[in-house]
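Heads up: the structure comes next, in C-alpha cells.
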C-alpha cells in the first residue's frame, strides 16, 4: 500500500485546468483514485459533471486513455473495452508484460438510477473492472434534481421545499447493498477525507480479478449549499455521523473500516447544508427524526453483520 | 468457386461471422435475429472462433459494449432487430460519431406497437439518419456476401463508419436457401488484418474518446462525418469489385433487371425483388415494358447513380416496407423522388407502402402496381401518389 509520501510523488493523472467547480468533491475523489491506480488504466465515464468538465474539446484533463459514450452505460462501455483487452491479449496482439486495469466512473444519477441496469449486467458477467460511483446525492450536472441517492428531506429542484411538501419524501436507495447482492469479490464505501482508506481500497480492488465496486461520497457544495471550503469537512461529518459508513465486503466478509468514537447526531451534518435548512424548523422535526432512524438502523445492521460469524 | 450449402439467412450470417472471427461480439437476443448470436455463441463455445462474446443485459448495453470494444481497438460485430435496434438508437449515433467501424446485422422487423415479430423495414429506416452505412439484402446469399463486404467497407481509412446489413425478418432469416460460402481462408484474406486507429488500449499514447464538443467544433466533426459517408461510395464499389473477383457475384449500389429498355419500373429493397422479377417477366411476355431496380445501399444514398439509371423512365413505383407517418410517403420514396426532381423531364413517381408486419406481397399486388404504372404512362396523370398495398381499408 502506497504511503502519503509515495502518493505525493506520483504524477497527477487528472490534469488541472478542468472546469469542475473549486471545491468539487468529485475531482478530489478521482485524483486520489488515479494516484492509487497509476498509469496503466483505461477510464470510462458516464455523462455528468466529471465528464463534461474534464474533456472539453480540444482539451482533455485525462492523462490516461478515457472514453465517455453516454449517461447510462459507463459500466457497459468499460466492459466492452475490457472484453477487447481480453480478446487481444489472448490473440497475442498486446504486449505480454503490460497489464491494464479498467475503471468506470459514474455519478449517483448514472449509477443508482439510469445506469443501474448496465452496472448490474457488468457485475453479473464478471468483467475485470472497478466501478466507482462518486455520490453527491443528486443530479448536479443538470441542476440539482433529486436522484434515488438524495437523502430524505433534502431540498432539490425536483423535490423542492414547497408550501405543502417539505423536500424529498423518500429514503435514499442503498446501492452498496444492491451491489453486494451480486456477490462480487470486493466492494466498499469510501470518502475523500480519509485518503488513506480510499487509496488503499483502490489498490486492493485493483489487485483482485473480477468486478469491484466503490461507492465514494463526493460532496457538492453547489447542490448541498455549503461553503466551497467545506468539502472535506462535509465528507468527514458524513462518516462521523454514520450517514456514510466506511466499510468493505471482501469475498462476502464485511469489515467496518472506521467506527467513530462517538457517533455524532445527523444534525451536525445537516446544519452545514442549505439543502436541509428547513429541517431545522420545529414543524419538520419528524423528518429529521426519520432521517436519524434510517441512519441508526443501517449502522446497527452493519455492526451486527460485522459481528456475525 | 464456393461451397454450395443450404441454410437459413441467420445461419448464413452466423457463418460469415465465424469466418470473420471478430475480436469482440456484444449482443442481446431478439426475434428474429436471435439465432445469429445463438449460432455464434455455439461457435465460441466450440472454439471455432477466438471472439470474446459479451452477452449483454440489453441492446443498449450491447451497443455500448461494442462502442467500448471498438474504441479499445479491434474488430467488433453484433446483430439485432426491431425494438432492439430502437433501444440502441442513442448509441448508434455515438458509434458513428466516434467513427467506430462496428458491423451489425439487422434482421429487419416491424417496430411495436402493436407488437409484431415479422419482417418490415421500420427498424432500419428509423435509423437511416444515425450515420451508419446501410446495406440491404434480398436473400441469404446477399446477407452473407454483404456482411463480409461490410467489414472491409467500414474499416477503410477513408470511411471509418459503422455498417448495418439488413435482411428481412423470417422471409430471409428463417428460410432455408441454397447459397455458396467462401472458404474460411478466402474470407480471412479478403477482410485482412484490422488496423486500429487511436486505440484506447495503447496506454503509451492516451487518447480521449467522447469529449464535450460545443459550438466551436461540433459542426466540423459532423461535416467530417458527412464527408466520410461521401467517401464511402467509391469504397463500396471497389469492395464490390474485389468481392466479385473472389466470388463471381456482382454488387453495386443497386441492381437492375430488364431496366435498360423499360418505360416503367418498380423499385424495391430487400426480399420483395424476387416476386417482382417473376411478375415483371410475365408482364414482359405481354409486351409491357417494365423493369426492376433493387436498391442495395440506402446509406450513402446513391442519388446521382439513381438519376442515371432511372432518368429514361416514364413512370416509377417505389415500394416501401415502412411508413413515415405524416410524410409525403415512405422513406425510400421520399428520397428517390427527390433524387429525380432535378431531371427534366423526370419520371412520374408513385409510392406503395406494403408488407408491414411481415404481410406477404403477392403476385397480384405487383400486377396491380404494373397496371397502375401503365395507366400513368398512358394518361400522364397520377391518380394516387401514395397507395397502401396489401391492406384492408
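Protein chains in written order, with the working numbering: chain A, 326 to 634; chain B, 66 to 458. Backbone N, C-alpha and C define an ideal beta-carbon position, used for all residues, glycine too. Just so it is clear, the structure is predicted and the values come from calculations on it, not from any experiment.
- Check the Cα spacing between residue 410 of chain B and each of B/242, B/96, B/379: the tightest is with B/379.
- According to the DSSP assignment, residue 69 of chain B belongs to the beta strand (DSSP E) that extends over 68-73.
- For residue 232 of chain B, the enclosing beta strand (DSSP E) stretches over residues 228-233.
- Around the beta carbon of residue 402 of chain A, 16 or more other beta carbons lie within 10 angstroms, which makes this residue buried.
- Taking 8 angstroms as the cut-off, the Cβ atoms of residue 173 of chain B and residue 191 of chain B do not count as close.
- The DSSP-derived three-state label of residue 270 of chain B is coil.
- Taking C-alpha positions only, residue 600 of chain A is separated from residue 616 of chain A by approximately 14 angstroms.
- Just so you know, the alpha carbons of residue 477 of chain A and residue 153 of chain B end up roughly 34 angstroms apart.
- Residue 67 of chain B is positioned such that its CB atom lies closer than 8 angstroms to that of residue 247 of chain B.
- The shortest CA-to-CA distance from residue 138 of chain B to any of B/436, B/274, B/282, B/431 is the one to B/274.
- For residue 272 of chain B, the chain A residues whose Cβ falls inside 8 angstroms of its Cβ are 390, 391, in order along the chain.
- Distance from residue 428 of chain A to residue 454 of chain A at the Cβ level is roughly 7 angstroms; contact confirmed, criterion being Cβ atoms closer than 8 angstroms.
- Between the alpha carbons of residue 286 of chain B and residue 117 of chain B lies a distance of about 31 angstroms.
- Of all C-beta pairs linking the region 584-593 of chain A to the region 520-528 of chain A, fewer than three are shorter than 8 angstroms, placing the two stretches out of contact.
- Under the three-state reduction of DSSP, residue 431 of chain A is assigned to strand.
- Residue 136 of chain B: member of the alpha helix (DSSP H) spanning 124-138, first to last residue.
- Listed along chain A, no residue sits closer than 8 angstroms to residue 194 of chain B by beta-carbon distance, the nearest being about 18 angstroms off.
- Inclusion of residue 202 of chain B and residue 171 of chain B in the CB contact set at 8 angstroms is not warranted, their separation being larger than that value.
- C-alpha of residue 340 of chain B to C-alpha of residue 534 of chain A: approximately 56 angstroms in a straight line.
- Rounded to whole angstroms, the Cβ separation of residue 405 of chain A and residue 195 of chain B is 18 angstroms, and the two are not in contact under 8 angstroms.
- With the criterion set as a beta carbon lying under 9 angstroms from some beta carbon of chain A, the members of the region 112-139 of chain B are 115, 116, 117, 118, 119, 120, 121, 122, 123, 125, 126, 127, 128, 129, 130, 131, 132, 133, 134, 135, 136, 137, 138, 139, in sequence order.
- Look at residue 89 of chain B: its C-beta is under 8 angstroms from a C-beta on chain A.
- The Cβ atoms of residue 536 of chain A and residue 447 of chain A lie closer than 8 angstroms to each other.
- Under the three-state reduction of DSSP, residue 465 of chain A is assigned to coil, being neither helix nor strand.
- Judged by their CB atoms, residue 435 of chain B and residue 441 of chain B are not nearer to each other than the 8 angstroms cut-off.
- By the Cβ neighbour-count rule, residue 124 of chain B is buried, with 16 or more other Cβ atoms within 10 Å of its own.
- Residue 538 of chain A is bridged by DSSP to A/456, A/512.
- In the same chain as residue 588 of chain A, and ignoring 5 residues on each side of it, the C-beta atoms closer than 8 angstroms to its own belong to 565, 566, 567, 624, in chain order.
- Within 8 angstroms of the CB of residue 155 of chain B, the CB atoms of chain A belong to 395, in sequence order along the chain.
- Taking a 10 Å sphere around the C-beta of residue 438 of chain A, we find 16 or more other C-beta atoms and assign the residue as buried.
- Sequence-distant partners of residue 355 of chain B (beyond 5 residues in either direction) whose C-beta falls short of 6 angstroms from its own C-beta, in its chain, are 327, 329, 345, 348, 435.
- Less than 8 angstroms divides the Cβ of residue 230 of chain B from the Cβ of residue 208 of chain B.
- Straight-line measurement puts the Cα of residue 122 of chain B at about 19 angstroms from the Cα of residue 411 of chain A.
- The beta carbon of residue 509 of chain A is closer than 6 angstroms to those of 448, 536 in its chain, skipping five residues each way along the sequence.
- Take residue 266 of chain B, set aside five residues on each side of it, and the residues of its chain with a beta-carbon closer than 8 angstroms to its own are 137, 138, in chain order.
- Under DSSP, no beta-bridge partner is assigned to residue 526 of chain A.
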